[in-house]
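Comments concern the structure below.
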Amino acid sequence: MEYQESFINYLRYEKRTSPHTVVAYKKDLDQFVCFITEMVGEFDVNKVDSKLVRTWIVSLMEKQLSPRSVNRKVSTVKAFFRFLMKEKIVETNPAVNLPLPKVRKKLPGFVEEESLHHLLDDGFFPGDFRGVRDKLIVALLYATGIRLAELMQLKGSSFDTKNYLIKVLGKRQKERIIPYPREMNNLLFEYLEIRNREIGYFPDILLVTEKGKPVYEKLIYRVVKKSLEYVTSFEQKSPHVIRHSYATHLLNKGADLNAVKELLGHSSLAATQIYTHTTFEKLHDIYKQAHPRG
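Residue numbers (the working numbering): -1 to 292.
Below you can see the structure in the form of structure tokens.
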């Protein structure tokens, strides 16, 4: 138990891993520890070998877990033993070089540009506090491509309204600056005015509930799902789908891949390149429709 706690604290305080990811790591690690304990009667990090880890992987696959889920859980165990090697508690990592189920590359889904313009421009949101706040949530996600956790951390001071820039604190506490459309200021000022008048002044948080509490994940998911239902039949309706839409629309308009990488806060270009597949598919469809021999 001591080693697991040390690992989680390492992720939380040294690696500055996001709280959501830390919770997922802890859950995966707890499941692994329980499995090993049931198998051999105890969990001793120095007695865990590749054979035991392989048996655990097989058990996960027998439970019909998706290849993506199995790979994520194995990644957690790999990271745990890397940490133990770093601390000189174990000499080898039993979770490396094991055969894993192949993950089928899933292209990110996105909402059409016209649908999002329709949603934000054509009166779907009422003019009361909740309506203005909900519109600001959707508008910020689409205008900047920020993550859910980044959206929840925004303050009024995050905005440079003169230069139309927003300062975002991303993964591992990395700060980045993102431009936003000029018309966003009108919506931002409208929200701040109605919030300060009806709910209260909050210097340390931008988005709040009607009771003056910071917005939470489920609320934002609910807002996005309800809003997208007005304009699209696309099955997935989440903040991340709006982020996918932001990236795809930028690339469709000819944005440089490296620039999109910086805007999204990706640590490597490989994470951004997945959006080019969606773009190429769209270009292929246009070609088939437009070319005489398409």
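All C-beta atoms in this analysis are idealised placements derived from N, C-alpha and C, irrespective of residue type, glycine included.
Next on the checklist: By the DSSP assignment, the beta strand (DSSP E) with P177 in it spans what residues?
Outcome noted: Per DSSP, P177 belongs to the beta strand (DSSP E) from 173 to 177.
Checklist entry - Looking only at C-alpha atoms, which of K86, P65, G107, L58 sits nearest to V43? => result The candidate whose alpha carbon is nearest that of V43 is K86.
Checklist entry - My guess is that E111 and H247 are in contact by the Cβ rule of under 8 Å, so how many angstroms apart are they, rounded? => result Rounded, the Cβ-Cβ distance is 5 Å, consistent with contact.
Checklist entry - Going by alpha carbons, who is nearest to P237 out of L226, T230, S231? => result Measuring from the Cα of P237, the nearest candidate turns out to be L226.
Next on the checklist: Taking a contact to mean a Cβ-Cβ separation below 8 Å, would you say V38 touches I55 in this structure?
Outcome noted: No.
Next on the checklist: With a threshold of 8 Å, are at least 3 pairs of Cβ atoms found where one atom belongs to the segment 179 to 190 and the other to the segment 123 to 134?
Outcome noted: Verdict: yes, contact present.
Item to check | F157 - DSSP class collapsed to helix/strand/coil | outcome: Correct three-state label for F157: strand.
Checklist entry - Under three-state DSSP, which class holds K169? => result Three-state result, K169: helix.
Item to check | Backbone CA spacing between F30 and S4 [nearest angstrom] | outcome: Using only the alpha carbons, I get a separation of about 16 Å.
Next on the checklist: For T294, report the span of its alpha helix (DSSP H) as first-last.
Outcome noted: Within the shown structure, residues of the chain are numbered from -1 to 292, placing residue 294 beyond reach of any answer.
Item to check | Spatial distance of L255 from V21 (CA atoms) | outcome: Using only the alpha carbons, I get a separation of about 32 Å.
Checklist entry - Does the separation of the CB atoms of I176 and L118 fall below 8 Å? => result For I176 and L118, no; Cβs fall outside 8 Å.
Next on the checklist: Helix, strand or coil for L63? Go by DSSP, reduced to three states.
Outcome noted: Residue state for L63 is assigned as coil, using DSSP reduced to three classes.
Item to check | Within the segment 201 to 232, ranges of the alpha helix (DSSP H) (whole runs, at least 4 residues) | outcome: Taking only runs of at least 4 residues, the alpha helix (DSSP H) segments lying wholly in the segment 201 to 232 are 215 to 227.
Checklist entry - Can you tell me the Cα-Cα spacing of Y214 and L205, whole angstroms? => result In this structure, the straight-line span from the alpha carbon of Y214 to that of L205 is close to 9 Å.
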